[in-house]
Amino acid sequence: MFIDPATLSILITTLIAAVIVLVIFAWQLAYFREKERDLAGRIQRSEKRSEELLEHAHHRVRSILEKTAEKADKMLLETEYLNQHLTAEVDNSLKKIVESHQQLLSQNSADFFTTYHKELEEVKQVYMPEITRMLSDIQKTTERELKDFMSIIVKETVEGQSIIGKKLDTEFEKTQKQIQAYKDTQIQKIDTAISKMVVRVAEDVVGKTIAVSDHQALVLEALEKAKQEGMFAL
Amino acid sequence: MTIYTLTDQDIMQFVKTKSDMQSLLATLRQISESLFNVKGTSIERIAEYLPYDQQKVFLSLCKKNAVSIGDSLSIQKFISFLIDTLEKVPVVTLILSFKPHQGTIQAFSDWFLTEIHHPVILDIVVDSMIIGGAIIQCNGISKDFSLKRRLELKYQANEL
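Protein chains in written order, with my numbering: chain A, 4 to 237; chain B, 106 to 265.
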């Protein structure tokens with residue numbers, strides 16, 4: 004088999020190029036593997052470091068808390084003591100203040116009472132004659148008004164009696180008229196009753212005894228009268 | 106148009122009282138309505154509905170007014186004329202203390218014909234309380250001519 008030199012040279016060149024590329028690739032692969040290992044080591048170290056840091060932090064916090072608790076207990080004890088001490092002192096002070104105030108108040112009250120009593124006495128001295136005079140005036144006015152009132156009452160009573168007297172007279176007159184009217188009505192009723200009785204008797208006695216011919220004659224007589232009175236203007 | 110005549114005597118022959126007239130008018134209307142509706146002659150209808158006395162009067166009036174008994178239409182017209190005339194006769198109310206018989210009623214009717222010269226229909230009312238005489242009512246006027254009234258007047262005048 005014959006191969007053209009030109010083609011052979013191209014093939015060789017291509018082969019060389021391919022080998023170079025392969026070498027570069029292998030080198031790159033080795034480089035990346037190295038980098039990966041390095042990175043994994045770093046991560047591992049970092050994790051270890053963080054664990055250490057965390058442990059340290061825990062330890063420190065616990066230590067701070069213990070110290071704090073200790074200090075707090077101490078402070079509580081001190082505060083309790085101080086509180087007991089302060090309370091006793093405050094009580095004493097208050098007692099003293101109250102006592103002094105009581106004393107002051109008693110003294111002021113006595114002073115005030117004395118002053119007030121004195122002023123009242125003065126007012127009494129000043130206003131007593133005035134009040135006495137006013138009371139006297141009121142008494143006089145009341146007596147006068149009562150007297151006037153009594154005289155009015157007496158006057159009105161007398162007038163009232165007079166009015167009642169007149170009213171009684173009027174009522175008496177009215178009653179007399181009513182009695183008279185009643186008497187008239189009753190007399191009228193009696194008259195009517197008697198009239199009816201007479202008519203009934205006449206009806207019983209006369210009515211039954213009138214003959215038909217007489218009845219006829221009476222009716223014809225009535226017709227004649229009616230004619231004379233112009234009733235039959237037909 | 107046929108002209109019929111009816112004298113005062115004719116009227117008074119036919120009817121005297123209000124109750125008679127009401128009965129007669131009802132009968133005449135009945136006859137008039139039955140003339141064309143029922144089998145039989147006009148004279149049979151008249152004989153059937155009218156009392157004997159009134160039949161005689163009716164037939165004499167028909168004769169007087171030349172109304173043919175066989176002609177239903179003529180009879181109907183004459184009945185109509187009779188009803189109109191009777192309804193126009195004035196009514197006089199007589200309140201009496203007794204129930205008058207036919208003779209007395211006739212006497213009263215005759216009195217009106219002779220004294221007033223006018224026929225009237227008498228509306229007779231009986232009230233025994235008036236004792237005697239009559240209370241007469243006519244043209245809306247009422248007059249008391251009773252014995253009861255006379256007695257009352259005498260009593261009021263202290264004559265009793």
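Ideal placement from N, C-alpha and C gives every residue a C-beta, glycine not left out. Since the structure is predicted, the reported quantities are computational estimates derived from the model, not experimental observations.
Starting from the beta carbon of residue i, find every residue of chain B whose beta carbon is closer than 9 Å, and list them in chain order.
i, result
"I213(A)", "S202, F203, I236, G237 and L252"
Does any residue of chain A bring its CB to less than 8 Å from the CB of residue i?
i, result
"I221(B)", "yes"
"I246(B)", "yes"
"T209(B)", "yes"
"A212(B)", "yes"
Against chain B, with Cβ distances strictly below 8 Å, would residue i count as a contact?
i, result
"M234(A)", "yes"
"Q219(A)", "yes"
Closer than 9 Å by beta-carbon distance: list the chain A residues that pair up with residue i, in chain order.
i, result
"A152(B)", "In chain order: nothing, as chain A lies at least about 35 Å away."
If you drop the 5 nearest sequence neighbours on each side, which residues of the same chain put their C-beta closer than 7 Å to that of residue i?
i, result
"V194(B)", "I116, P224, V225 and I226"
"L187(B)", "L133"
"Q118(B)", "V162"
"S96(A)", "none"
So, are the CB atoms of residue i and residue j less than 8 Å apart?
i, j, result
"D232(B)", "V196(B)", "no"
"D113(B)", "L199(B)", "no"
"F213(B)", "V222(A)", "yes"
"S185(B)", "S139(B)", "no"
"M234(A)", "I246(B)", "yes"
"F163(B)", "I151(B)", "yes"
"S179(B)", "S173(B)", "yes"
"Y109(B)", "Q135(B)", "no"
"S215(A)", "T209(B)", "Reading off the sequence, residue 215(A) comes out as Val, not Ser. Going by C-beta atoms, V215(A) is nearer than 8 Å to T209(B)."
"K230(A)", "I221(B)", "yes"
"F250(B)", "A220(A)", "no"
"G237(B)", "L258(B)", "no"
"L191(B)", "V120(B)", "yes"
"K248(B)", "E176(A)", "no"
Run down chain A in chain order and give the residues with a C-beta less than 8 Å from the C-beta of residue i.
i, result
"T69(B)", "Given a span of 106 to 265 for chain B in the structure shown, any question on residue 69(B) remains unanswerable."
Taking C-beta pairs closer than 8 Å, name the residues in chain B that residue i reaches, listed in chain order.
i, result
"A229(A)", "I241, C243, K248 and F250"
Could you name the residues of the same chain whose beta carbon sits closer than 8 Å to that of residue i, not counting the 5 residues immediately before and after it, in chain order?
i, result
"Q31(A)", "none"
Which bits of chain B does residue i rub up against, with CB to CB less than 7 Å?
i, result
"A225(A)", "G238, A239, I241 and F250"
Please work out which residues of its chain come closer than 6 Å, Cβ to Cβ, to residue i, disregarding the five sequence neighbours upstream and downstream, and give them in chain order.
i, result
"I148(B)", "I174"
For the ligand ATP, I want to know if residue i counts as a neighbour, meaning its beta carbon is within less than 7 Å of at least one of the ligand's heavy atoms.
i, result
"S165(B)", "This structure lacks the ligand ATP, and indeed carries no ligand of any kind."
Report the residues of the stretch 161 to 187 of chain A with a CB closer than 8 Å to any CB of chain B, ordered along the chain. Within the stretch 161 to 187 of chain A, no residue has a Cβ that lies closer than 8 Å to any Cβ of chain B.
Output needed in chain order: residues of the stretch 180 to 203 of chain B with a Cβ under 9 Å from some Cβ in chain D. Although the question refers to chain D, the structure presented lacks it and instead comprises the protein chains A and B.
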